[in-house]
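Trainee: Following the working numbering, the residues of the sequence shown are numbered contiguously, the last one being 300.
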Amino acid sequence: MFFLPALPRDRVRLTALLAGLVLLVTAVTMGGSPAQAREEARARATSSDSRGHFSVATLNLRKGMRVAGMRHDIGQVIDGHASLIGFQERLFSRPALRASLPKSWTLLMPKGPTGTDDNPIAFDKRVWDLEKTWPVLLTGKTWRRYSGQTAHDQYGVVAVLRHRRTGHTVRALSFHLPNHLHNRRTGGPNYANRGGVEAMWRMASRIRSLEEDTPDAHQFVAMCDCNVTENRDTGDALVKGRITRPLRLETNYSADDHGGSGIDYVMGERDSDFRIRSFHSYRHLVTDHPGIVATFERVR
Numbered sequence: 001m002f003f004l005p006a007l008p009r010d011r012v013r014l015t016a017l018l019a020g021l022v023l024l025v026t027a028v029t030m031g032g033s034p035a036q037a038r039e040e041a042r043a044r045a046t047s048s049d050s051r052g053h054f055s056v057a058t059l060n061l062r063k064g065m066r067v068a069g070m071r072h073d074i075g076q077v078i079d080g081h082a083s084l085i086g087f088q089e090r091l092f093s094r095p096a097l098r099a100s101l102p103k104s105w106t107l108l109m110p111k112g113p114t115g116t117d118d119n120p121i122a123f124d125k126r127v128w129d130l131e132k133t134w135p136v137l138l139t140g141k142t143w144r145r146y147s148g149q150t151a152h153d154q155y156g157v158v159a160v161l162r163h164r165r166t167g168h169t170v171r172a173l174s175f176h177l178p179n180h181l182h183n184r185r186t187g188g189p190n191y192a193n194r195g196g197v198e199a200m201w202r203m204a205s206r207i208r209s210l211e212e213d214t215p216d217a218h219q220f221v222a223m224c225d226c227n228v229t230e231n232r233d234t235g236d237a238l239v240k241g242r243i244t245r246p247l248r249l250e251t252n253y254s255a256d257d258h259g260g261s262g263i264d265y266v267m268g269e270r271d272s273d274f275r276i277r278s279f280h281s282y283r284h285l286v287t288d289h290p291g292i293v294a295t296f297e298r299v300r
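1) Look at the alpha carbon of H289 and the alpha carbon of L61, and state the distance between them as a whole number of angstroms.
2) Please determine, among W201, G291, I292 and H53, the residue with the shortest C-alpha to C-alpha distance to L138.
3) Does the beta-carbon of Y282 have 16 or more other beta-carbons within 10 angstroms, so that it is buried, or is it exposed?
4) Exposed or buried, T186, counting other C-beta atoms within 10 Å across all chains shown (16 or more means buried)?
5) Mind checking which residues open and close the beta strand (DSSP E) that includes V221?
6) Within this structure, are the beta carbons of R270 and R248 separated by less than 8 Å?
7) Determine the direct distance from the alpha carbon of V157 to that of I121, and round the result to whole angstroms.
8) Go ahead and pull the three-state DSSP assignment for N183.
9) Can S272 and T295 be called in contact, C-beta distance under 8 Å?
10) Would you kindly report the start and end of the unbroken beta strand (DSSP E) that includes S278?
11) Give me whichever residues DSSP pairs with K132 in a beta bridge.
12) What's the gap between the Cα of G241 and the Cα of R94?
13) Let me know if Y155 comes out buried or exposed under the rule of 16 or more other beta-carbons within 10 Å of its beta-carbon.
14) Where A96 and L161 are concerned, what is the direct C-alpha to C-alpha distance, given to the nearest angstrom?
15) Compare the Cα-Cα distances from R208 to each of M267, H81 and M65 and report the closest residue.
16) Are the beta-carbon atoms belonging to V286 and D73 less than 8 Å from one another?
17) Three-state secondary structure (DSSP) at A210?
18) Distance, Cα to Cα, L59 vs I292?
19) Whole angstroms is fine: what's the gap from D124's alpha carbon to R66's?
20) Would you tell me roughly how many angstroms separate the C-alpha atoms of G31 and S83, rounded to the nearest one?
21) Given this structure, state the Cα-to-Cα distance separating Y253 from V56, to the nearest angstrom.
22) Taking L173 and A222 to be in contact with their CB atoms under 8 Å, please state how far apart those CB atoms are, rounded to whole angstroms.
23) Roughly how many angstroms separate the alpha carbons of S48 and V127, rounded to a whole number?
24) Taking DSSP as the reference, what is the three-state secondary structure of L61?
25) Nearest to L181 by alpha carbon, out of V170, R71, A204 and R164?
26) Can you tell which of K103, K132, D129 and V136 has its C-alpha closest to the C-alpha of N119?
27) With respect to the alpha helix (DSSP H) encompassing R71, which residues constitute its N-terminal and C-terminal limits?
28) Cutting at 8 Å between CB atoms, please list the residues of its own chain near P246, excluding the five before and the five after it.
29) Measuring alpha carbon to alpha carbon, tell me which residue in Q76, K63 and H53 is nearest H280.
30) Can you tell me whether H218 is buried or exposed? The criterion is at least 16 other CB atoms within 10 Å of its CB, across all chains shown.
31) Looking only at its chain, what residues have a beta carbon closer than 7 Å to the beta carbon of L101, apart from the 5 residues adjacent to it on each side?
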């Protein structure tokens, strides 16, 4: 019998090292980077929308936040599978807010001179097709909290979005309702700020008009940083009495047994094919407000 001569020890080590490098390069090529893996996971999550559900978020980003902080907070609600986000109380932050969004997302804001509350909407272009959008003046004036002086006009943003896979169409509205409009003791309107309360009444009227003009084929979805807790919203002149009850809107409060976030609302129609089935509150954020991600599921 003939035996092959033994390879030198250095050559064995070199061969093993080269084999290990080949395996490592192959694994990286096949697996991709961690960032790529996260992006693919999000793509798989958004593709699940075709099975009859989508998620909507509302997030209040504190004024003066830097891009890094905005990106952190926005990333939290996006990781909660939100494909549509309403922002509240944005002032001169348009470039920073755009820089904080993923490249696949589009930001919708009023054009021209804007007031204290721009309340933009952001949506994932991979999930939604934009059909129409326009800024809507919801109130004629707002009032500064401490001075009581007239502030800028308050805007809300409306977007008509069509789901790319299911064809489901939503008319999404993002607006803001300050917490100093309600009396913390009685739960009713704070008539010491009569001008602000009347501005809220005008806003509620505009929201009802928008909902009533929504075609039957569209679902009406609203996102609001209301700052009104469930147990204090007892009057007929606040969110439940002026907006949710007349429009038969369900909120994240009625969609879960945990009592809601106490600060943010996501609202949808009770008689729609898509209803709020669950929501999650994100509190470990840079801002001092929680973020809410509500999941709508098909029920018919």
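From the three backbone atoms N, C-alpha and C, an ideal C-beta is built for every residue, glycine too.
Mentor: A quick look at the data gives this:
1) Position 289 of the sequence shown holds residue 289. Position 61 of the sequence shown holds residue 61. Each residue's Cα considered, the two are about 8 Å apart.
2) Against the sequence shown, residue 138 aligns to sequence position 138. That would be W201, whose Cα lies nearest to the Cα of L138.
3) Position 282 of the sequence shown holds residue 282. Classification for Y282: buried.
4) For this step, residue 186 is matched to residue 186 along the sequence shown. With fewer than 16 other Cβ atoms within 10 Å, it is exposed.
5) One-based indexing of the sequence shown puts residue 221 at position 221. That run of the beta strand (DSSP E) goes H218 to D225.
6) On the sequence shown, position 270 is the one that residue 270 refers to. On the sequence shown, position 248 is the one that residue 248 refers to. Contact flag set, yes.
7) As a working note, residue 121 is residue 121 in the sequence shown. As a working note, residue 157 is residue 157 in the sequence shown. Between I121 and V157, the C-alpha separation is close to 7 Å.
8) As a first step, residue 183 must be located in the sequence shown, where it is residue number 183. Three-state result, N183: coil.
9) As a first step, residue 272 is located in the sequence shown; it is residue number 272 there, counting from the start. As a first step, residue 295 is located in the sequence shown; it is residue number 295 there, counting from the start. No, the pair does not count as a contact, with Cβ atoms beyond the cut-off.
10) The residue labelled residue 278 in the question sits at position 278 within the sequence shown. From DSSP, the beta strand (DSSP E) with S278 extends over F274 to Y282.
11) Position 132 of the sequence shown, counted from the first residue, corresponds to residue 132. K132 is bridged to V160.
12) Residue 241 sits at position 241 when you count from the first residue of the sequence shown. Residue 94 sits at position 94 when you count from the first residue of the sequence shown. Their backbone Cα atoms lie some 33 Å apart in a straight line.
13) What you label residue 155 is simply residue 155 of the sequence shown in a count that begins at 1. The residue in question, Y155, is buried, as its Cβ has 16 or more Cβ neighbours within 10 Å.
14) As a working mapping, residue 96 is identified with position 96 in the sequence shown. As a working mapping, residue 161 is identified with position 161 in the sequence shown. For A96 and L161, the distance between alpha carbons rounds to 24 Å.
15) Sequence index remark: in the sequence shown, residue 208 carries index 208 (1-based). Ranking M267, H81 and M65 by Cα distance to R208 puts M267 first.
16) Here residue 286 refers to the residue found at position 286 when the sequence shown is read from its first residue. Here residue 73 refers to the residue found at position 73 when the sequence shown is read from its first residue. Yes, the pair counts as a contact, with Cβ atoms nearer than the cut-off.
17) For the purposes of this step, residue 210 is taken as residue 210 along the sequence shown, with counting starting at 1. At residue 210 the sequence reads Leu, which differs from the Ala that was named. Note: L210 maps to helix in three-state DSSP.
18) The residue you call residue 59 lines up with position 59 of the sequence shown. The residue you call residue 292 lines up with position 292 of the sequence shown. Distance between the alpha carbons of L59 and I292 is about 7 Å.
19) Here residue 124 refers to the residue found at position 124 of the sequence shown. Here residue 66 refers to the residue found at position 66 of the sequence shown. Looking at the two C-alpha atoms, the distance is approximately 22 Å.
20) For the purposes of this step, residue 31 is taken as the residue at position 31 of the sequence shown. For the purposes of this step, residue 83 is taken as the residue at position 83 of the sequence shown. Reliability of the predicted coordinates at G31 is poor, the pLDDT of 49 falling under 50, and the value obtained from them is presented with this limitation in mind. Roughly 26 Å between the two C-alpha positions.
21) Position 253 of the sequence shown, counted from the start, is the residue given in the question as residue 253. Position 56 of the sequence shown, counted from the start, is the residue given in the question as residue 56. Their Cα atoms are separated by approximately 15 Å.
22) By 1-based counting over the sequence shown, the position of residue 173 is 173. By 1-based counting over the sequence shown, the position of residue 222 is 222. The Cβ separation is near 5 Å, so the contact holds.
23) Taking the first residue of the sequence shown as position 1, residue 48 is located at position 48. Taking the first residue of the sequence shown as position 1, residue 127 is located at position 127. Caution is warranted here: a pLDDT of 47 is assigned to S48, below 50, making its placement in the model unreliable, and no coordinate value can be reported.
24) Position 61 of the sequence shown, counted from the start, is the residue given in the question as residue 61. Correct three-state label for L61: coil.
25) As a first step, residue 181 must be located in the sequence shown, where it is residue number 181. Closest by alpha carbon: A204.
26) Along the sequence shown, one-based indexing puts residue 119 at 119. The candidate whose alpha carbon is nearest that of N119 is V136.
27) Position 71 of the sequence shown, counting from 1, holds the residue named residue 71. Note, R71: alpha helix (DSSP H), V67 to D79.
28) Within the sequence shown, the letter at position 246 stands for residue 246. Here the set comprises R208.
29) Residue mapping note: residue 280 aligns to position 280 of the sequence shown, counting from 1. Per the Cα distances, Q76.
30) Sequence index remark: in the sequence shown, residue 218 carries index 218 (1-based). Result: buried.
31) As a first step, residue 101 is located in the sequence shown; it is residue number 101 there, counting from the start. Only I74, L107 and A122 meet the Cβ criterion.
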